[in-house]
Structure formats: structure tokens, C-alpha cells
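First residue of the sequence shown: 20, per the numbering used here; consecutive thereafter.
For each residue, glycine too, the CB sits at the ideal point set by N, CA and C.
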Amino acid sequence: MPGSNSVVSIFDDLKMIRPPSPYWPESANVYVFKDGDGISFFDVGCGSVASADRLFNALKFLKWEARPIKKIILSHAHPDHMGAMEILLSGVSPGHIILHEIDIPYALDPEKLPLSFDIPLCKERWTETGDQGKEVEKGPGFDLIAYFRSLGCAMCRVKPDRTVVEGDTIQVDDYDFNVFHTPGHAPGHMSLYDPGKRLLLAGDILGEMVAWYAPSSGGAEGYLGSLNKVGNLDIDLILPSHGSVIVDATKAIQETREKILERDIVITKALQAGPKTFEELNRLLFDSPSVQFFPGTPILESHLQKLKDEKSILMEVCKDGGTLYRG
Ligand SMILES: [Zn+2]
Ligand SMILES: [Zn+2]
Numbered sequence: 020m021p022g023s024n025s026v027v028s029i030f031d032d033l034k035m036i037r038p039p040s041p042y043w044p045e046s047a048n049v050y051v052f053k054d055g056d057g058i059s060f061f062d063v064g065c066g067s068v069a070s071a072d073r074l075f076n077a078l079k080f081l082k083w084e085a086r087p088i089k090k091i092i093l094s095h096a097h098p099d100h101m102g103a104m105e106i107l108l109s110g111v112s113p114g115h116i117i118l119h120e121i122d123i124p125y126a127l128d129p130e131k132l133p134l135s136f137d138i139p140l141c142k143e144r145w146t147e148t149g150d151q152g153k154e155v156e157k158g159p160g161f162d163l164i165a166y167f168r169s170l171g172c173a174m175c176r177v178k179p180d181r182t183v184v185e186g187d188t189i190q191v192d193d194y195d196f197n198v199f200h201t202p203g204h205a206p207g208h209m210s211l212y213d214p215g216k217r218l219l220l221a222g223d224i225l226g227e228m229v230a231w232y233a234p235s236s237g238g239a240e241g242y243l244g245s246l247n248k249v250g251n252l253d254i255d256l257i258l259p260s261h262g263s264v265i266v267d268a269t270k271a272i273q274e275t276r277e278k279i280l281e282r283d284i285v286i287t288k289a290l291q292a293g294p295k296t297f298e299e300l301n302r303l304l305f306d307s308p309s310v311q312f313f314p315g316t317p318i319l320e321s322h323l324q325k326l327k328d329e330k331s332i333l334m335e336v337c338k339d340g341g342t343l344y345r346g
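Given below as C-alpha cells:
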């Protein structure tokens, strides 16, 4: 039966459409709700031909009509979560597209995404460290938008019909969601919590892997704050935007928190042993030069900012203009 392998039943009226590929950006889950005489979505996938086919096949398998679309809620304005929007809405007037207000500029104009990914910082640091000329997938000439396109993401522009902030509520059929602003990975990232069903639609902050984070998206500090926020909720089930359903919420939140804090520990231990440059620290945290470029650079910068704020480390500019970090 087409679509049967990719549909995970959460409840009778809520299904997860699971991509077969664990690889980003194809790996984003789509959640679809039976919503009165129509359907609603939480995230819609990257918009590649395969992911769009999967989405429509899943609806056929469920015998749920693809129209009318009542609501499309986006956890954040990254292309792996919203690329399918054009395909989904083709030929029909947009329904109610809902997004956190901070992510609006990136939804309206994906060309702005390199800013919230801190790509200019990656290029600046790369030049500083004198690593130009290395054969790497990502480096000074890196074009984030072209990269997304090369991976099959549709880079569509999305105009939200309703913008929300923390404390707002979103109703989808008999689900009553509270909006939680959960930055770190994206500046306007949000998670939705239904207290009656003790259900958390986490977006990217919890899941198979720790999401990357960048100073412009809230950084390590923002990410940990987001985890603290959802850690205070009574949760029976976490539905992540990448990976499988999570039943042990406390464990998942704690493990994610520990993985982030582990990077603080690696940095402070290394600096206690002696001063280090940005590049030396980046190499300690990440193996490959491509990963050091992105997301290594914004992740490391996030931790350095956090540790400086906490007065755990010092930063000094040397005579040659380079920066040295001390414990
Ligand atoms: Zn994302
Ligand atoms: Zn994602």
C-alpha cells in the first residue's frame, strides 16, 4: 500500500509522515491532523519530489482528502520544514499559515537565512584561521541557498496569515496548543504543547540528534533556556521534527542538555591546559573541516559567548590581530 511504511499513527486524528531517509534535509517529519472536514499540518517537509510524493501518498493511504487545508503551522522557517508549502498549496488559496513572529523575515525571504545561520561569521573565522584553499565541501565560497537547493529543498517564500508569540494558543480540531518560543536553533523556533493531552510538538530542539545552534538563532544559552522551558512541562509524548516519537521526555531533555553542556566542559578543560585559538578549539570539538566551517563555527562561537558571559573564560586580542582564549 503506498505510503503505509511512512505513516506512523500517533492518534486516530494525528499521524506522523516519516521520511525513509535519515539524512537531512529529507529527514524532517510531517505531522498531519484530521481537522473537522479538512486537514491541518505541523511542518510540511522539504518539498523535494520524493518528499512531496510521500506526503500525498500518505494522505491517499489514510483516505484523508488533501483539501480543504485548515491550518499549516511551521515550527520555524527552515527549508526542510517549509519547502513543500508551494506544492501543497498549488492552485488553492492559502489557508491559515502560522509562524512565530521572529521567523517571519526568513519565511518571506529565504535569501536572509545565511544571517540566522551565521554564515558571514563562518567565512570571517575561516579567513582568520588561514585555512583558505583547503579542499572542503563548505568553505569561504559556501552558498547556503545553493546548498539547500542541491539537496532537493524547495526554497519557497511563505507569507504567514497569522503570527504568534509565546503565550498564544493555537487550536487544531480538539487539540489546544500553547505556543512556547524555543530559540537556539532558529531565532523564531516554537514548540507547541497541549496540556490536556500532555503532548509536545518539539520542532528541532529535541529528536534524533542535537540540532545545530548559532549566536544569531539564540545560541547555546538560548537552546538550554528552551530545554528548561519544556523541561517544566508535564509531557507524556514528544513528537520531534526529526527522528522517532519520544516517550521518555525527562530523559530526552536531560540527554540533549548534557550533550550541549559537554561542549562547555571540553572548551573549559582545554583552556585550563593553556590558551587556544578559535581554530584549535573548533578542531577539538569537530573532526572534519567542512563541519568546522558549519555548523562548528556558530556552535563554538555560541559556547564562547556563553562562557564569557559566565566569566568562565577570557578572550584577548593579540598583536597580530588574532584572538586567543584563556581559561
Ligand atoms: Zn531547522
Ligand atoms: Zn530541521
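Checklist entry - Measuring from the CB of A221, is there a heavy atom of ligand 1 at a distance below 8 Å? => result False, no ligand heavy atom lies under 8 Å from that Cβ.
Item to check | Cutoff 9 Å: S67 Cβ touching any chain D Cβ | outcome: No chain D is part of this structure, which consists of one protein chain only.
Item to check | When V27, P44 and D31 are compared against R37, the one with the closest alpha-carbon | outcome: Nearest to R37 by alpha-carbon distance, out of V27, P44 and D31, is V27.
Next on the checklist: Using a 10 Å radius around the Cβ and a threshold of 16 neighbouring Cβ atoms, would you call N251 buried or exposed?
Outcome noted: exposed
Checklist entry - Comparing the CB of A205 with every heavy atom of ligand 1, is any distance shorter than 8 Å? => result At least one heavy atom of ligand 1 is nearer than 8 Å to the Cβ of A205, so yes.
Checklist entry - G340: buried (16+ other C-beta within 10 angstroms of its C-beta) or exposed? => result exposed
Checklist entry - Under the three-state reduction of DSSP, which class applies to M228: helix, strand or coil? => result In the structure shown, M228 sits in coil (DSSP, three-state: anything other than H, G, I, E or B).
Checklist entry - Are there 16 or more other CB atoms within 10 angstroms of the CB of R73, so buried, or fewer, so exposed? => result Label assigned to R73: buried.
Next on the checklist: In this structure, how does DSSP classify L81 when only helix, strand and coil are distinguished?
Outcome noted: helix
Checklist entry - Looking at I318 and W231, is the spacing between their C-beta atoms short of 9 Å? => result Yes, the pair counts as a contact, with Cβ atoms nearer than the cut-off.
Next on the checklist: I'd like to confirm something about H200: is its beta-carbon nearer than 8 Å to some heavy atom of ligand 1, or not?
Outcome noted: no
Checklist entry - Pick from L225, Y212 and V191: whose alpha carbon is nearest that of H204? => result Among L225, Y212 and V191, the Cα nearest to that of H204 is on L225.
Next on the checklist: Here's the rule: buried if 16 or more other CB atoms are within 10 angstroms of the residue's CB, otherwise exposed. What is P98?
Outcome noted: buried
Checklist entry - Around the C-beta of S169, are 16 or more other C-beta atoms found within 10 angstroms, so that it is buried, or is it exposed? => result exposed
Next on the checklist: Quick check on the burial criterion: 16 or more other C-beta atoms within 10 angstroms. Buried or exposed for P234?
Outcome noted: buried
Item to check | Bridge partner(s) assigned by DSSP for L118 | outcome: Per DSSP, T182.
Next on the checklist: Just to confirm, is the Cβ distance from I254 to L211 under 9 Å?
Outcome noted: No, the Cβ-Cβ distance between I254 and L211 is not below 9 Å.
Next on the checklist: Quick check: the stretch 158-173 against the stretch 183-191, are at least 3 beta-carbon pairs closer than 8 Å?
Outcome noted: no
Next on the checklist: DSSP has E335 in a bridge; who is on the other side?
Outcome noted: L343
Item to check | Option nearest I138 by Cα separation, candidates T182, G262, G315 and E298 | outcome: G315
Checklist entry - In chain order, which beta strand (DSSP E) runs of at least 3 residues are fully inside the stretch 196-273? => result Qualifying beta strand (DSSP E) stretches, in chain order: 209-213, 218-222 and 256-259.
Next on the checklist: Going by C-alpha to C-alpha distance, which of C337, V336 and H322 sits closest to K330?
Outcome noted: H322
Item to check | S307 versus F161 - alpha carbon distance | outcome: 15 Å
Checklist entry - So the beta strand (DSSP E) M35 belongs to, where does it begin and stop? => result L33 to I36
Next on the checklist: Tell me the rounded alpha-carbon separation between W83 and G102.
Outcome noted: 22 Å
Checklist entry - Can at least three beta-carbon pairs, one atom from the stretch 77-97 and one from the stretch 122-135, be found at a separation below 8 Å? => result Contact holds: three or more Cβ-Cβ distances are below 8 Å.
Checklist entry - According to the Cβ coordinates, are Q324 and A268 closer than 9 Å? => result Remark: C-beta atoms of Q324 and A268 do not approach each other more closely than 9 Å.
Checklist entry - Excluding five sequence neighbours on each side, which residues of the same chain lie with their C-beta closer than 7 Å to the C-beta of G237? => result P202, G203 and P206
Checklist entry - By Cβ distance below 7 Å, which residues in the same chain neighbour S70 in space, the five residues on each side in sequence not counted? => result P38, E45, G64 and A103
Next on the checklist: On a Cα-Cα basis, can you pick out the residue from K131, K90 and R345 that is closest to I164?
Outcome noted: K131
Checklist entry - Is there at least one non-hydrogen atom of ligand 1 closer than 8 Å to the beta-carbon of H119? => result Relative to ligand 1, H119 has its C-beta separated by 8 Å or more from all heavy atoms.
Checklist entry - For Y42, which of helix, strand or coil comes out of DSSP? => result Looking at Y42 - three-state DSSP - the assignment turns out to be coil, as it is neither helix nor strand.
Next on the checklist: Suppose the cutoff is 7 Å on Cβ atoms and the five residues either side in sequence are ignored; what does the same chain contact list for G55 look like?
Outcome noted: K89 and D192
Checklist entry - What first and last residue would you give for the beta strand (DSSP E) that runs through K53? => result V49 to D54
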